[in-house]
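Scroll down for the structure; my scribbles are underneath it.
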Amino acid sequence: MNASAAERSSRWVFHIDMDAFFASVEQLTRPTLAGRPVVVGGSGGRGVVAGASYESRVYGARSAMPMHEARRLIGPAAVVVPPRGSVYRVVSGRVFEIVRRFTPVIETLSFDEAFGEPPELAGASAAQAEEFATAMRAAIRDETGLAASVGLGSGKQIAKIASGVAKPDGLRAILPSTELEFLHGLPVRKLWGIGPVSGERLGRLGVETIGDFAALSETEVASVLGATVGPALHRLAHGIDHRPVAERADAKQISAESTFATDIIDLTGVRAAVSSAASHAHRRLLDDGRGARTVVVKHRLSDMSILTRSSTLATATTDLGALTAAAYRVMLDPLDIGPVRLVGVGYSGLDDVRQDSLFPELDAAPDEDDESSPAPTSVQIPRGPAAVDDWPTGTDVAHPEHGHGWVQGGGHGFVTVRFETRATGPGRTRNFRLPEPLLTRADPLDSLDWDL
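Below, the structure is given as structure tokens:
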């Protein structure tokens, strides 16, 4: 054993991150997609990428990117499938069940990320910590077929950064003796809690790396980032991270907001700010795994007063078009309320039921000049027989002879179905002339072929 492998740490925290989770689950349950550039998300004009396989990232596609841009980058090879929240939730649950066998307490961050601090690793060597993580990763792959990357360090900050370095399908343990060297060479935006706005402020001061940030005085940090957040981030930059790993309660609201250097004075500016905040909050909503029924828009005025308005949909949804349209309906005009310095969008009424819209065009944001546009709704795609030509790409279907499959495409009175599940390997396609009474909608969970 070399000296580095024998180095011990009083505390080993791990961060586990499932690789390209949404897209990997699609490739797992639809084996024909393995090795192909898969993007998960809405395919309409306002569609956003919720997940991108590593094959699609080669082209520059990534999460939170507009879908039309991802399609343009990848070209004809792109495979776009709608998100299937119920499947991701079940797979996530199984992954974390496996992780809990290795350590009883985990702190989940989203569908595909969690922290853990195994008690038996207190005072363990780097080699022992890596052996632990290797066994955990192997169990996840053996039992789910999915790859997980794991980072290890003396605290959450180091562990989370290390897992990112380990991707894809890797393991990285940062030794206590090398943590500061590892940390200080990284871009300052890698520091957990430094976002675009604070990163820009620091950049104007010439702070490019975490090491540059650590070299600032406490007074300088407080003046740039505030007296509360600044010192906390400064400690993290010095490798001081004593935050415990603890189970998290489900959030009651997910939100995003931005403060602007110049007050917004017209409705066009507010609309752009609402769109941006809705999109950022939507990413967190997808990570959370629940749908939202209520949309709240927050306006902070130049006099620091706060005005909020909310809109409640008929059902919980994760459709960005429906959520953004609801936000537009209740945003306020600066001509009526005065200049606006902060805009935020929050999603509440969170529900485990993920309902995707059957008619996304009805959920799209209304045209600014069209006051007759219908209010956004979210309609549960029903199981059972479908209307003629009503077979959206990605729909799970069943046939008494061919089994479980999914719609690859169709039109002009025909539908093409690929019949396969996680257990079958790549399946064969069948073309059906519509209507086809033997072809029915199916439960997406059947594509897992697991005992649930």
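Heads up: the sequence shown is residues 1 to 452, going by the UniProt record's numbering. Beta carbons are placed, not taken as given, at the ideal position from N, Cα and C, and that holds for glycine.
May I ask which residues mark the beginning and end of the alpha helix (DSSP H) holding residue i?
i	result
residue 347	It is not in any alpha helix (DSSP H) - residue 347 instead sits in the beta strand (DSSP E) that spans 340-348.
residue 404	Per DSSP, residue 404 belongs to no alpha helix (DSSP H); it is in the beta strand (DSSP E), 403-411.
residue 314	Note, residue 314: premise wrong, no alpha helix (DSSP H); beta strand (DSSP E) at 306-317.
residue 67	67-74
residue 321	320-330
residue 180	179-184
Cβ of residue i within 7 Å of Cβ of residue j?
i	j	result
residue 390	residue 442	no
residue 70	residue 61	yes
residue 166	residue 130	no
residue 281	residue 246	no
residue 157	residue 263	no
residue 409	residue 393	yes
residue 170	residue 154	no
residue 40	residue 95	no
residue 168	residue 59	no
residue 98	residue 133	no
residue 14	residue 116	yes
residue 341	residue 302	yes
residue 111	residue 289	yes
Only counting the same chain, and skipping five residues up and downstream in sequence, which positions put a Cβ closer than 8 Å to that of residue i?
i	result
residue 383	Model confidence at residue 383 stands at a pLDDT of 41, short of 50, so the residue's coordinates are unreliable; what they give is reported in the following sentence. Same-chain partners within the cutoff: 440, 441, 442, 443.
residue 308	296, 297, 298, 299
residue 43	67, 80, 82, 393
residue 90	445, 448, 450, 452
Take residue i and list the residues in its own chain whose beta-carbon comes closer than 7 Å to its own, dropping the five residues that flank it on each side.
i	result
residue 438	399, 400
residue 225	198, 233
residue 375	Since pLDDT at residue 375 reaches only 29, below the 50 mark, its modelled position is unreliable, and the value read off the structure follows with that caveat. Taken in chain order, the list of residues that qualify is empty.
residue 285	254, 292, 318, 347
residue 353	Caution applies to residue 353, whose pLDDT of 47 falls short of 50 and renders its modelled position unreliable; the value that the coordinates give is listed next. Same-chain partners within the cutoff: 291, 316.
residue 430	402, 417, 419
Following the continuous beta strand (DSSP E) through residue i, name the residue where it begins and the one where it ends.
i	result
residue 399	396-399
residue 417	414-419
residue 430	428-433
Regarding residue i and the ligand NAD, is the C-beta to nearest heavy atom distance less than 6 Å?
i	result
residue 279	Only the bare structure without any ligand can be found here, which leaves the ligand NAD out of the picture.
Using a Cβ-Cβ cut-off of 6 Å (strictly less than) and excluding sequence neighbours within five positions of residue i, which residues of its own chain qualify?
i	result
residue 388	Residue confidence is low: residue 388 scores 46 on pLDDT, short of 50, so the model does not pin down where it sits. No coordinate-derived value is stated.
residue 17	113, 149, 163
residue 126	5, 7, 173, 175
residue 276	none
Handout entry: Stretch pair the segment 148-163 + the segment 22-39: three plus CB contacts closer than 8 Å
Key = no
Problem - Uninterrupted alpha helix (DSSP H) stretches inside the segment 81-123 (no shorter than 4 residues) - result: 85-102
Problem - Uninterrupted beta strand (DSSP E) stretches inside the segment 129-170 (no shorter than 3 residues) - result: 148-153
Exercise for the section: Please determine if the segment 81-91 and the segment 99-109 are in contact, where contact requires at least 3 C-beta pairs separated by less than 8 Å. Expected result: no
Practice task
Let me know the beta strand (DSSP E) ranges lying completely inside the segment 197-273, each 3 residues or longer, listed in chain order.
Solution key: 253-264
Practice task
Ignoring anything shorter than 4 residues or poking outside the segment 1-40, list the alpha helix (DSSP H) runs there in chain order.
Solution key: 3-6, 21-29
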